[in-house]
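Everything below concerns the one structure shown next.
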Amino acid sequence: MSTSPRTAPHTAAALHPAGDMCAHAAPGHDLHPIQKRLAAATPSRWTDAIAGETSADGWLELHAVDGSPLPRVWHHEHLGDIVHPGEPVALHGRYHVLVVGSSWLNVADAPSLVG
Ligand SMILES: [Zn+2]
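What follows is the structure, encoded as C-alpha cells:
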C-alpha cells in the first residue's frame, strides 16, 4: 500500500510534515483548546459520517451516515495517516472539528479555503 505519492505538488495551503511545529490556529491547522471546548459544548452540531478517500494534499472525503451532503475537509497533516476509508468519524458543523477515534482535529471545509 505505498502506491500513492506522499508529496503533492501545489495547493493553496501548505502541508506540514508530521511532527512539525505549527503556529497556526486557522481552520485546518492545530486544534485550539477553546475550539475543542466549544465543539464539545454544542453536541447537537455533530454529524456522524464515514471517511472516504484521502488525498495526498490533505483532503478527506466525507459521507454522512444519514445521506446529507458534507463538504470535503482539509487538515495540514496528511489525513491518510490518521483516518482510513470506511472508518466512522464525526464532523462538527459549526466549529469545524473532525473526530476520528480519540483524535480531535481542526479541519477546514472546502468553502472556507476559497478566497
Ligand atoms: Zn498547520
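Those letters in the sequence shown? Residues 362 to 476, by my numbering. Think of the CB as a built atom: it goes at the ideal place given N, C-alpha and C, for glycine as much as any other residue. Predicted, not measured: the structure shown is a model, and the values here were computed from it.
Cβ of residue i within 9 Å of Cβ of residue j?
{"i": "residue 471", "j": "residue 410", "result": "no"}
{"i": "residue 423", "j": "residue 413", "result": "yes"}
{"i": "residue 377", "j": "residue 445", "result": "no"}
{"i": "residue 468", "j": "residue 426", "result": "no"}
{"i": "residue 393", "j": "residue 383", "result": "no"}
Looking at the unbroken alpha helix (DSSP H) that takes in residue i, where does it start and where does it end?
{"i": "residue 394", "result": "394–402"}
Just tell me which of the options has its CA closest to the CA of residue i.
{"i": "residue 404", "options": "455, 418, 467 and 441", "result": "455"}
{"i": "residue 415", "options": "427, 396, 408 and 442", "result": "442"}
{"i": "residue 462", "options": "425, 393 and 449", "result": "449"}
{"i": "residue 439", "options": "417, 460, 465 and 457", "result": "417"}
{"i": "residue 428", "options": "420, 408 and 421", "result": "408"}
{"i": "residue 388", "options": "457, 465 and 464", "result": "457"}
Can you name the start and end residues of the beta strand (DSSP E) that residue i belongs to?
{"i": "residue 442", "result": "Run containing residue 442: none; DSSP gives neither H nor E here."}
{"i": "residue 425", "result": "420–425"}
{"i": "residue 449", "result": "449–453"}
{"i": "residue 413", "result": "407–415"}
{"i": "residue 464", "result": "464–467"}
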